[in-house]
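Beneath this line is the structure, given in structure tokens, with notes to follow.
In my numbering, the protein residues as written are 20 to 164.
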């Protein structure tokens with residue numbers, strides 16, 4: 020059983036998956052930084068500096084706070100601002116990943132479009148082919164293969 024587990028755990032696909040998860044975790048930090056540090060300031064500029072995280076609608080008349088945390092203590096709230104922020108983050112991340120995959124596909128296509136190198140026939144085989152063709156030409160006019 021231990022031998023079977025070792026074979027299962029060390030299969031190429033499992034190792035590739037583990038590497039993908041580790042790289043994905045590292046990539047997650049990079050993408051979060053791109054979203055928070057590069058794109059969200061642009062979104063804030065376009066929306067006039069509106070902070071969506073504190074946008075909410077009180078579902079009870081007792082809710083009259085100006086911040087989401089205080090409003091949640093007063094009663095039920097519909098926190099649509101947090102949803103809008105997460106939706107914007109998702110769209111930005113999805114767009115960035117789309118662009119990365121698109122670039123990778125473009126590179127892959129370029130690689131596939133390259134013609135395969137023709138293997139050069141060794142000199143001794145080329146000479147033998149020439150001799151064969153000459154002999155065939157002398158005897159019947161068509162080369163044998």
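Backbone N, C-alpha and C define an ideal beta-carbon position, used for all residues, glycine too.
Confirm, please, whether the CB-CB distance from residue 133 to residue 103 is below 8 Å.
Counted from its first residue, the chain shown places residue 103 at position 84. Counted from its first residue, the chain shown places residue 133 at position 114. No, Cβ-Cβ distance for residue 103 and residue 133 is not below 8 Å.
- prompt: Using the C-alpha atoms, what's the distance from residue 44 back to residue 38?
  reply: Position 19 of the chain shown holds residue 38. Position 25 of the chain shown holds residue 44. Distance between the alpha carbons of residue 38 and residue 44: 10 Å.
Distance CB(residue 50)-CB(residue 120) smaller than 8 Å: What you label residue 50 is simply residue 31 of the chain shown in a count that begins at 1. What you label residue 120 is simply residue 101 of the chain shown in a count that begins at 1. Against a cut-off of 8 Å, the Cβ pair of residue 120 and residue 50 comes out as no contact.
(message) Considering Cα atoms alone, identify which of 88, 71 and 84 is closest to residue 106.
(response) Mapped onto the chain shown, residue 106 falls at position 87. The candidate whose alpha carbon is nearest that of residue 106 is 71.
### Query
How many whole angstroms separate the CB atoms of residue 77 and residue 96, which I take to be in contact at a CB cut-off of 8 Å?
Taking the first residue of the chain shown as position 1, residue 77 is located at position 58. Taking the first residue of the chain shown as position 1, residue 96 is located at position 77. Between residue 96 and residue 77 the Cβ distance is about 5 Å, and since that is below 8 Å, they are a contact.
Helix, strand or coil: how does DSSP classify residue 77 here? Reading the chain shown from its first residue, position 58 is the one you call residue 77. Residue state, collapsed to three classes: strand.
If I'm right that residue 98 touches residue 110 with Cβ under 8 Å, what's the distance once you round it to whole angstroms?
-> Residue mapping note: residue 98 aligns to position 79 of the chain shown, counting from 1. Residue mapping note: residue 110 aligns to position 91 of the chain shown, counting from 1. Going by Cβ atoms, the distance from residue 98 to residue 110 rounds to 19 Å, so no, they are not a contact pair.
**Q.** With 16 other Cβ atoms within 10 Å as the buried cut-off, status of residue 90
**A.** In the chain shown, residue 90 corresponds to position 71, counting from 1. Flag for residue 90 reads buried.
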